[in-house]
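Peer 1:
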Amino acid sequence: MTTPRTTTVTPTPPNAPPKTLSMARTTATTTRVLRQLTHDPRTIALLLLIPCVMLFLLRYVFDGNPRTFDSIGASLLGIFPLITMFLVTSIATLRERTSGTLERLLAMPLGKGDLIAGYALAFGTLAIIQSALATGLAVWFLGLDVTGSPWLLLLVALLDALLGTALGLFVSAFAASEFQAVQFMPAVIFPQLLLCGLFTPRDTMHPVLETVSDVLPMSYAVDGMNEVLHHTDMTATFVRDTLIVAGCAVLVLTLGAATLRRRTA
Numbered sequence: 239m240t241t242p243r244t245t246t247v248t249p250t251p252p253n254a255p256p257k258t259l260s261m262a263r264t265t266a267t268t269t270r271v272l273r274q275l276t277h278d279p280r281t282i283a284l285l286l287l288i289p290c291v292m293l294f295l296l297r298y299v300f301d302g303n304p305r306t307f308d309s310i311g312a313s314l315l316g317i318f319p320l321i322t323m324f325l326v327t328s329i330a331t332l333r334e335r336t337s338g339t340l341e342r343l344l345a346m347p348l349g350k351g352d353l354i355a356g357y358a359l360a361f362g363t364l365a366i367i368q369s370a371l372a373t374g375l376a377v378w379f380l381g382l383d384v385t386g387s388p389w390l391l392l393l394v395a396l397l398d399a400l401l402g403t404a405l406g407l408f409v410s411a412f413a414a415s416e417f418q419a420v421q422f423m424p425a426v427i428f429p430q431l432l433l434c435g436l437f438t439p440r441d442t443m444h445p446v447l448e449t450v451s452d453v454l455p456m457s458y459a460v461d462g463m464n465e466v467l468h469h470t471d472m473t474a475t476f477v478r479d480t481l482i483v484a485g486c487a488v489l490v491l492t493l494g495a496a497t498l499r500r501r502t503a
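Note that this note's numbering gives residue 307 to position 69 of the sequence shown, counting from 1, and the numbers run on in steps of one.
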């Protein structure tokens, strides 16, 4: 009598994380984050109104010297969205981790890439609105004198906001509390603010600081804004600057997905 052979089937873990991005999972994450943000009007106000308020105050601080506003207004048009998106994104992501929401999400068939992409799309949607409001206010209401197209200003402001989102997602992996997330701002944002060329041209800095500024993404954001400020057409330098800012945002998002943890120790 022949004994029938049995085939051993290794069961697939039901909660094995997917290895590829899924548009459906990413879209679902984006929708969830946007729905949560609509129930937090203070966060919406911080994201959309604070950059506009800062530009408005800056314009009338230099009311007696409009040329000063023209020289630094375009740069700050990109810096303000980066800072606000960094702050809000880092705190919001950390809150999801400390509350246990992130752990429950990652226990589902949801990859880290889907989660990071969903957050990036959600905050990127707000970044588009934020950048459009700030650019429109500066150019058409506050009278920012721009030689190039305002649409190019909007493009750089949007890329800066997306970079701030990426940095916020990345930094949230290393903070244990919302207070610590805020403490990362002096370490991540302030050095870039001082070395980006806003206060003095980068080529007049100490050679060591100039070299450091050459690897900081905010430097290229300010350079891109200045290209629009002084040139009618899109220049090769502008294209280089925008590609560097966009590339840095993608790189930091990738690092954020690699360092994403379910919970904060």
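Every residue gets a Cβ at the ideal spot worked out from N, C-alpha and C, and that includes glycine.
(1) Please determine, among Pro445, Thr442, Met456, Leu285, the residue with the shortest C-alpha to C-alpha distance to Gln430.
(2) Within its chain, find whatever has a CB closer than 7 Å to the CB of Val409; leave out the 5 residues flanking it on each side and keep chain order.
(3) Once you ignore the five residues that flank Leu375 on each side, which residues in its own chain have a CB closer than 8 Å to its CB?
(4) Please determine if the stretch 449-465 and the stretch 351-370 are in contact, where contact requires at least 3 C-beta pairs separated by less than 8 Å.
(5) Just curious, the alpha helix (DSSP H) that Val291 is in, first and last residue?
(6) Apart from the five residues on each side of it in sequence, which residues of its chain come closer than 6 Å, Cβ to Cβ, to His468?
(7) How would you write the range of the alpha helix (DSSP H) that His468 sits in, first residue to last?
(8) Classify Thr248 as helix, strand or coil using the three-state DSSP reduction.
(9) When the Cα of Tyr298 is compared with those of Leu489, Gly485, Leu382, Asn464, which residue comes out closest?
(10) Helix, strand or coil for Gly386 per DSSP?
(11) Would Leu493 and Gln368 be called neighbours here (beta carbons separated by less than 8 Å)?
(12) Can you have a look at Ser504 and say buried or exposed, based on whether 16 or more other CB atoms are within 10 angstroms of its CB?
(13) Under 8 Å by Cβ, that's how I've got Thr322 and Ile282 pegged, so tell me the actual separation to the nearest angstrom.
(14) Would you check if the distance between the CB atom of Ala484 and the CB atom of Leu397 is smaller than 8 Å?
(15) Measuring only the C-alpha atoms, how far is Pro439 from Cys486?
(16) Counting C-beta neighbours from all protein chains within 10 Å, is the total for Asp479 16 or more, i.e. buried, or is it exposed?
(17) Give the single residue among Glu416, Leu481, Leu491, Leu390 whose Cα lies nearest to the Cα of Ala404.
(18) Using the rule of at least 16 other Cβ atoms within 10 Å of the residue's Cβ for burial, across every protein chain shown, is Thr373 buried or exposed?
Peer 2: So, to answer that:
(1) Met456
(2) Only Ser328, Ala419, Phe422, Val426 meet the Cβ criterion.
(3) Cys290, Leu293, Phe294
(4) no
(5) 279-299
(6) Short of 6 Å from the beta carbon of His468, and not among the five residues preceding or following it, lie these beta carbons of its own chain, in chain order: Thr385.
(7) 455-468
(8) Below a pLDDT of 50, predicted positions are generally treated as unreliable, and Thr248, at 44, falls in that range; no measurement from the model is reported.
(9) Comparing Cα positions, the closest option is Leu382.
(10) coil
(11) no
(12) Since the first residue of the chain shown is 239 and the last is 503, residue 504 is not available in this structure.
(13) That belief does not hold up - the Cβ atoms of Thr322 and Ile282 are roughly 11 Å apart, past 8 Å.
(14) yes
(15) 22 Å
(16) buried
(17) Leu491
(18) buried
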